[in-house]
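Residue numbers (the numbering used here): -18 to 665.
Every residue, glycine too, gets a C-beta built ideally from N, C-alpha and C.
Just so it is clear, the structure is predicted and the values come from calculations on it, not from any experiment.
Below: the structure, in structure tokens.
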Amino acid sequence: MVRATAFFRCVIAAAAVAASPLVSASTLTWPGSPGCTGTLQGCIEASGPGDTIEIASDTPVDEDLSIGDRSLSLTSAAYHHAALAAGRSIDGATSPAAGTVSVSVSRLGLRDGHIALSYAGAATATYDLRELDIAQSIGGASANIRLAATSGTVGATVYHNRIVATPGNIDGGLIEIAPHGAAMNVYAAFNTLVRADHANTDGGAIFVDVAGVGGTAASGYFAAFGNVVRGGFDRGAIFFSEGLFSSTSSAFAARAYANAIGCGGDASGQGIGLAVNDGSIDLQVINNTISGCEIGIGALLWEGGTTGTYSGPVWNNLVVANRGLVLTPSATDAVTNDYNLINAASNIATLGAHTITAPAQLAGSMSPRLSAGSPAIDAADATTLAFGLIDNGFPVLDADGLRRVKLGGADIGAYEYGDVTFDHVASAANVFGNVTVIDDPATDGNAGALLFPTRKAVYGAGTSDHTFGIWYSAPSWTIYNEDFTQAVDAGAAWNVFVPAAGDGAFVHTGTVANTSGSLTTIDNPMTNGLADRIVLVRHDWTRDGTYLDHPVGVSYSGSGSGARWSIGNIDQAAMPAGMGFDVYAQPPSPNAFRIAAPTGSNGVQIDHPLINGVACADVHVTRVYDPAFPAQTVDYDVEYYAGNGTWNIMSTEGFVGATAFNVVIDPAQVDACTDRIFADGFGG
């Protein structure tokens, strides 16, 4: 694979800027702050450059909102789920006189409404749209996100949004990106996009429409990473177009990495599509999964186009389709393909020498993760994947937002196989004093497994005051109370996370050199100097043969490359040398994140769309703390409140300042326990 040029590395850096929080002059609360006691639109008009408006109401706002030339952030206030009333939308069309603008919209709900931001000025615009919940009723008004530009330069991030809708027309999308005679750099990542109706539909889920206007070419860099698309889209679940309805040639870079696409059971629609007129597309289509489509990956010419060209790799993709690769010969001489798994009746392409044509062995067509024994496991060209991730600045993650490389290497497709999550419940049959024996295929007889149990509250079955660890007693793993005189209560329950072997899953052993006071310091390339890492830990008696009757957490100290994560007794008791801990670490993602605990509270809500309202979800948690604050003496557990459908982290003791929690959610487990395909409203 040809590595990205310096130009494109700079472009992704520009797109990454759009993901940074906007600098705010002040934070306004609506309703309440001066100028914000009337309508929300009035609050917008009263805001200053860079202000943040937090909507502190759960009553749907019955207004259409106009942002105009303003720079601002619009979001829900803490512990609120703000939304617009059905049929209401947000528009932000700038005037030709507009200078630099920055707009962020997040954590809002829309029904039968859209968010449309367009730039017509001569300077730059930065747009950040994330954690939006947009849905369209059958026959309702268009519901989507549209970003457009007719001049200047736009950088945008579209991240972790959920859209259930139908494209408005054949050249529309649930996410529309439309630079017409302008430069635009867009990073669209970890969005869940679902076709609202049950029939294949025109348009795309992500539709990138790059076109020159009046002799002025458009340009840019457009990256789709880790998106999940369900439903058939004729243009393509992810579609990159050059020169639609334009006689002015344009050139741009298209990147599609780790996207998971399920078209449905009727072999309709296209997975990843590209169409060029008389310009060019520099493409990288790497490690995507496409299932149940008519065409898996297509690179075509628009009707009337004669000189359009493509260049770049189509590599490490898993394609189950009627037609696998459809690459127009006259336009794709500079396109290479290899290390793909292709299950298709036909292809219009000469398949690379390392192509696999065996059955993919997917767990399901609409939730197309790999099942045990799939030939895609560890079969990807890891070098091409690594260069692509590094050169584009992408995270080393799969479509689930979990680690990209596990077991012996990287897998073909969007998902990495190997992690396991399950429940363990103590019972009379498996409790022996202070020990409860685990029985699961992922751990039975597997002495080398790493386990991360998180206790979940069950009324009348134990409390979070009891610290616990893990111990392998062949042939089984066990969970035990560190106070060996305290019997495990029948009915006590745990969520157990067993990550596959690979980078980020390791054992830390304390020594005299790395242990001081209440802390033992981790030295591992997956955590060193990486303050954003989501780290889980659990004391493992198997590693040291010593009880540790103290609640543990993790802390981060230092600066630069010399900074380190440590494991500590949060009651600040001395940490004995030689203690052993299982450690899991990964980059942050929508499903691996950190939440702060309110000081003085004994609970913190986990507000996440994948687990809200899902009592069967398994949540994995480790406390993050600062040893400079007062000691905490008791542990915590996770609890599901049926009343409001939320998961919460609870303790019998109020949290001190700087307390936070690292949280990991395994989407495969949630899919398995809920059938989220139909929860999405898609039944085709």
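Residue i versus residue j: straight-line alpha-carbon distance, rounded
i: Q567; j: A78; result: 45 Å
i: S85; j: L55; result: 6 Å
i: G68; j: A59; result: 25 Å
i: A205; j: V191; result: 15 Å
i: T627; j: G594; result: 6 Å
i: R176; j: A146; result: 5 Å
i: Y617; j: N324; result: 48 Å
i: L351; j: P340; result: 11 Å
i: V615; j: G635; result: 10 Å
i: V645; j: D43; result: 36 Å
i: A482; j: R92; result: 43 Å
i: A326; j: A334; result: 18 Å
i: A122; j: D215; result: 20 Å
i: V4; j: S83; result: Interpretation of V4 is limited by its pLDDT of 47, a score under 50 that renders its predicted location unreliable; the figure taken from the coordinates is listed afterwards. Whole-angstrom Cα-Cα distance: 9 Å.
i: T131; j: N550; result: 57 Å
i: D521; j: T173; result: 37 Å
i: T182; j: I253; result: 15 Å
i: T317; j: Y291; result: 10 Å
i: A218; j: H405; result: 39 Å
i: G345; j: F487; result: 31 Å
i: I515; j: A97; result: 34 Å
i: R143; j: A367; result: 28 Å
i: P557; j: T492; result: 9 Å
i: N476; j: D420; result: 13 Å
i: T20; j: A104; result: 31 Å
i: P648; j: P15; result: 43 Å
Exposed unless 16 or more other CB atoms sit within 10 angstroms - verdict on residue i
i: E157; result: buried
i: C274; result: buried
i: E35; result: buried
i: S540; result: exposed
i: Y537; result: buried
i: Y565; result: buried
i: Y453; result: buried
i: C244; result: buried
i: D425; result: exposed
i: T364; result: exposed
i: N297; result: buried
i: F226; result: exposed
i: A409; result: exposed
i: Y622; result: exposed
Coil, strand or helix - residue i by DSSP
i: G23; result: helix
i: V651; result: helix
i: G213; result: coil
i: G534; result: strand
i: A63; result: coil
i: P310; result: helix
i: S542; result: helix
i: I646; result: strand
i: S5; result: The predicted model places S5 with a pLDDT of 46, which falls under 50 and marks its position as unreliable; any figure quoted below should be read in that light. In this structure, S5 counts as coil in the three-state DSSP scheme.
i: L529; result: coil
i: A555; result: coil
i: I689; result: Beyond the ends of the chain as shown, which are -18 and 665, falls residue 689; an answer cannot be given.
i: S570; result: strand
i: S57; result: strand
i: V595; result: coil
i: Y622; result: strand
i: W283; result: coil
i: F610; result: coil
Enclosing beta strand (DSSP E) for residue i [first to last residue]
i: P434; result: 433 to 437
i: T502; result: 500 to 502
i: D109; result: 105 to 111
i: E44; result: Neither: E44 is in no beta strand (DSSP E) and is coded neither H nor E.
i: E634; result: It is not in any beta strand (DSSP E) - E634 carries neither H nor E in the DSSP assignment.
i: W296; result: 290 to 296
i: S99; result: 96 to 100
i: H601; result: 600 to 605
Start and end residues, alpha helix (DSSP H) containing residue i
i: D525; result: 522 to 525
Within-9 Å CB hit, residue i to chain D
i: R385; result: In the structure shown, chain D cannot be found, because there is only a single protein chain.
Original post:
Which parts of the region 243 to 272 are runs of the beta strand (DSSP E), unbroken and 3 residues or longer, counting only runs that do not cross its ends?
Top reply: For the region 243 to 272, the continuous beta strand (DSSP E) assignments of 3+ residues that do not extend past its boundaries occur at 251 to 257, 261 to 267, in sequence order.
**OP:** May I have a chain-ordered list of the alpha helix (DSSP H) segments no shorter than 4 residues that lie completely inside the region 326 to 375?
**Re:** If we require 4 residues or more, the alpha helix (DSSP H) runs fully inside the region 326 to 375 come out as 363 to 373.
**OP:** Report the residue ranges of all beta strand (DSSP E) runs contained in full by the region 375 to 428; include only those spanning at least 3 residues, in chain order.
**Re:** Scanning the region 375 to 428 from its first residue to its last, the whole beta strand (DSSP E) runs of 3-plus residues come out as 401 to 406, 416 to 418.
Subject >> Complete runs of the alpha helix (DSSP H) confined to the region 447 to 527 [at least 4 residues] >> reply: Counting only runs of 4 or more, we get 522 to 525.
Subject >> Whole beta strand (DSSP E) elements within the region 152 to 231, 3-residue minimum >> reply: With a minimum length of 3 residues, the continuous beta strand (DSSP E) runs that stay inside the region 152 to 231 are 154 to 160, 164 to 170, 173 to 176, 185 to 191, 200 to 206, 209 to 211, 217 to 223.
Original post:
Which parts of the region 109 to 133 are runs of the beta strand (DSSP E), unbroken and 3 residues or longer, counting only runs that do not cross its ends?
Top reply: Residue ranges of uninterrupted beta strand (DSSP E) with 3 or more members, entirely inside the region 109 to 133 and ordered along the chain, are 114 to 116, 126 to 130.
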